[in-house]
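To convert, take the position in the sequence shown, counting from 1, and add 17; that gives the working numbering. Down below is the structure, laid out as structure tokens.
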Amino acid sequence: MSDTVISVERLSKVYRLGQVGTGTLTNDLKVWWAKARGKPNPLLRIGQTDHGNRDGETIWALKDVNFEVKQGEVLGIIGRNGAGKSTLLKILSQVTAPTQGCARVKGRVASLLEVGTGFHPELTGRENTYLNGAILGMTKAETGRKLDEIVAFAETEKFMDTPVKRYSSGMLVRLAFAVAAHLEPEVLLVDEVLAVGDAAFQKKCLGKMGDVAKGGRTVLFVSHNMVAVQSLCGDAVWLDRGSITRRGRCSQVVAEYLQSSAGSGSSEQIWDDPATAPGNEAVRLRRVGVCLERDLASGLITMASPFRIEVDWWNRVKDARLTVALHVIDEQGATAFTTGSSLDPQWRDRPLSVGLYRSTGYFPGNLFNSGRYRVLLLVVRNLSTIIYRHDDALSFDVVDLTERTEGWLGREPGVLQPLLRWTTEYVAEESPSADAVDALGVDREIPCPQPK
């Protein structure tokens, strides 16, 4: 007997752009009859153009996709927005039908596609849990035996008898994931919906998916979190514009995908003509770029990679005292830190002749957390007066390729993640008294003292 659980053959899905239909059967018949006679749309006002039904304008969300998934395999599906990842999971979940080809899935399928998918808003959390169990073919008693685990995982005990239409998005996704993961389906399909939760919830969910995978069940995991994908998945499929670009070992596919994505940001800008380059009568930019300190084959800035930022600029005023400053800004718009050429004592207060200069900032490895950063560039005169500001001088991505086998699989909090030196040493042969140990409790967590 074949151990193939999911089989996808020549799978395609096409969507038609624009409005489909007019909203009523009568008007649809009027439009059809006019089109059959070669007449204009009778529902349009004089001078109005028909943009609602654009014949021939379609988009292929999936195009000729083929792959198989074996029992117990955890397959990651990665790709940019609009690549067809969610459409693929919807077809496998039978939420939508394919235009061409077929997809076969053996066993019970639980899916977590969008917040609230599969939940009836008027039913309570408890009723929706039993409803989802019945859809998976489980008896009421089987679902009931899992109910306490589901409630404890979702942390929704007080709200289980409340209609889910009154749930926040966070509560709804917690319950939906708990139901999908605990009702023991043979196949679990998880979309990027985990991004709705906070860091603690994501950590809990990723840990649960790891347990599901170790239990021999089949998981398809769609995510933009490359650390989680690499930690959970053995193989990965890279979708691009509805087609499979690459399938193979997860680490290799993710590295190729990140390398292709790294060029999408403005990691270098060049202006050859001083007359049109950004700047003013005192200074003009020539080039701003990010360069790896070592010639890595991948071309990626990983969390461990040292790199430098080079700023080439024209000084146009004799004896000007100019320095370059950089503000590194994270994805939330917060300034991580500032730095600049004023830290070079040989140049910070030196009068400059007219000409082309290069200021270089060096960034060590194991400093940045993963994520996208943008750089605001300032040119400062006499260490005090900003004479030019360039808000989007460049952007760059720092990727996390750390292989993790256990624990937290997602992105660590914080803008920076420095690899600091730590030591622990034996100080003295002393211990608290027995009474003190009994009073505290050996396993009790002791809170850190708060500053007064």
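Glycine included, each C-beta is placed from N, C-alpha and C at the ideal position. No experiment lies behind these values; they were computed from the predicted model shown.
Tell me whether residue i is buried or exposed, calling it buried when 16 or more other Cβ atoms sit within 10 Å of its Cβ.
{"i": "Ile326", "result": "buried"}
{"i": "Ile287", "result": "exposed"}
{"i": "Glu74", "result": "exposed"}
{"i": "His241", "result": "exposed"}
{"i": "Tyr32", "result": "exposed"}
{"i": "Gln363", "result": "exposed"}
{"i": "Pro115", "result": "buried"}
{"i": "Gln247", "result": "buried"}
{"i": "Tyr379", "result": "exposed"}
{"i": "Gly233", "result": "exposed"}
{"i": "Gly265", "result": "exposed"}
{"i": "Trp255", "result": "buried"}
{"i": "Phe324", "result": "buried"}
{"i": "Phe354", "result": "exposed"}
{"i": "Pro202", "result": "buried"}
{"i": "Thr104", "result": "buried"}
{"i": "Asp366", "result": "exposed"}
{"i": "Asn145", "result": "buried"}
{"i": "Thr441", "result": "exposed"}
{"i": "Gly93", "result": "buried"}
{"i": "Ile76", "result": "exposed"}
{"i": "Gly4", "result": "Beyond the ends of the chain as shown, which are 18 and 469, falls residue 4; an answer cannot be given."}
{"i": "Val444", "result": "exposed"}
{"i": "Leu373", "result": "exposed"}
Which residue comes first and which comes last in the alpha helix (DSSP H) that contains residue i?
{"i": "Ser103", "result": "Lys102 to Leu109"}
{"i": "Gly187", "result": "Ser186 to His199"}
{"i": "Asn244", "result": "Residue 244 is actually Val in this sequence, not Asn. Start and end: Met243 to Leu249."}
Considering only residues of the same chain and omitting the five flanking positions on each side of residue i, which have a CB-CB separation below 8 angstroms?
{"i": "Lys157", "result": "Tyr147, Gly150 and Ala151"}
{"i": "Gly458", "result": "Residue confidence is low: Gly458 scores 48 on pLDDT, short of 50, so the model does not pin down where it sits. Its coordinate-derived value is still stated next. The answer is none, since no qualifying residue turns up."}
{"i": "Pro468", "result": "Note that Pro468 has pLDDT 49, beneath the 50 cutoff, so the model's placement of it is unreliable and the number below is only indicative. Answer for Pro468: no residue qualifies."}
{"i": "Gly280", "result": "Low confidence applies to Gly280: its pLDDT is 49, below 50, so where it sits in the model is not reliable, and the reading given next is rough at best. There are no such residues."}
{"i": "Glu85", "result": "Thr21, Ile23, Ser24 and Val25"}
{"i": "Val397", "result": "Leu339, Thr340, Val341, Ala342, Gly357, Ser359, Ile403 and Ile404"}
{"i": "Ile108", "result": "Leu28, Lys30, Leu79, Ala114, Pro115 and Ala120"}
The beta strand (DSSP E) with residue i in it runs from where to where?
{"i": "Thr340", "result": "Leu339 to Ile346"}
{"i": "Phe136", "result": "Phe136 -> no beta strand (DSSP E), and no H or E assigned at all."}
{"i": "Tyr405", "result": "Thr402 to Val415"}
{"i": "Phe176", "result": "Here Phe176 belongs to no beta strand (DSSP E), and DSSP marks it neither H nor E."}
{"i": "Arg121", "result": "Gln117 to Val122"}
{"i": "Trp255", "result": "Asp252 to Asp257"}
{"i": "Ser128", "result": "Val126 to Leu129"}
{"i": "Gly93", "result": "Val91 to Ile95"}
{"i": "Ser260", "result": "Ser260 to Arg266"}
{"i": "Tyr379", "result": "Gly372 to Phe380"}
{"i": "Tyr443", "result": "Here Tyr443 belongs to no beta strand (DSSP E), and DSSP marks it neither H nor E."}
Determine whether the beta carbon atoms of residue i and residue j lie at a separation below 8 angstroms.
{"i": "Ile318", "j": "Asp414", "result": "yes"}
{"i": "Trp331", "j": "Arg304", "result": "no"}
{"i": "Arg121", "j": "Ser24", "result": "yes"}
{"i": "Ile404", "j": "Ala299", "result": "yes"}
{"i": "Ala169", "j": "Leu153", "result": "no"}
{"i": "His470", "j": "Leu393", "result": "Given a span of 18 to 469 for the chain in the structure shown, any question on residue 470 remains unanswerable."}
{"i": "Cys250", "j": "Cys267", "result": "yes"}
{"i": "Ser358", "j": "Leu400", "result": "no"}
{"i": "Gly259", "j": "Gly101", "result": "yes"}
{"i": "Val341", "j": "Ser370", "result": "no"}
{"i": "Leu418", "j": "Asn383", "result": "no"}
{"i": "Val416", "j": "Leu205", "result": "no"}
{"i": "Val91", "j": "Val307", "result": "no"}
{"i": "Asp336", "j": "Pro291", "result": "no"}
{"i": "Asp257", "j": "Gly96", "result": "yes"}
{"i": "Ala217", "j": "Ala195", "result": "no"}
{"i": "Arg438", "j": "Asp409", "result": "no"}
Between residue i and the rest of its own chain, which residues show a CB-CB distance below 7 angstroms, the 5 nearest in sequence each way excluded?
{"i": "Glu139", "result": "Pro180 and Lys182"}
{"i": "Asp178", "result": "Thr141 and Arg143"}
{"i": "Gly118", "result": "Glu26, Arg27, Leu28 and Ser29"}
{"i": "Asp20", "result": "Lys87 and Gln88"}
{"i": "Met188", "result": "Thr173 and Phe176"}
{"i": "Gly296", "result": "Leu302 and Tyr405"}
{"i": "Gln65", "result": "Caution applies to Gln65, whose pLDDT of 47 falls short of 50 and renders its modelled position unreliable; the model cannot decide the point."}
{"i": "Met155", "result": "Leu200"}
{"i": "Glu429", "result": "Asn386"}
For residue i, which residues of its own chain have a beta-carbon under 6 angstroms away from its beta-carbon, when the five flanking residues on both sides are left out?
{"i": "Gln434", "result": "Asn386"}
{"i": "Val207", "result": "Leu129 and Phe238"}
{"i": "Glu483", "result": "Lying before the first or after the last residue shown, residue 483 is absent from the chain, which here runs from 18 to 469."}
{"i": "Lys225", "result": "Ala198"}
{"i": "Glu166", "result": "His199"}
{"i": "Met243", "result": "Val271"}
Does any heavy atom of the ligand MG sit closer than 7 angstroms to the C-beta of residue i?
{"i": "Gly142", "result": "In terms of ligand content, the structure shown is empty, and the ligand MG therefore cannot be addressed."}
Contiguous alpha helix (DSSP H) assignments of at least 4 residues, all confined to the segment 269 to 335: none
Let me know the alpha helix (DSSP H) ranges lying completely inside the segment 148 to 174, each 4 residues or longer, listed in chain order. 157 to 171
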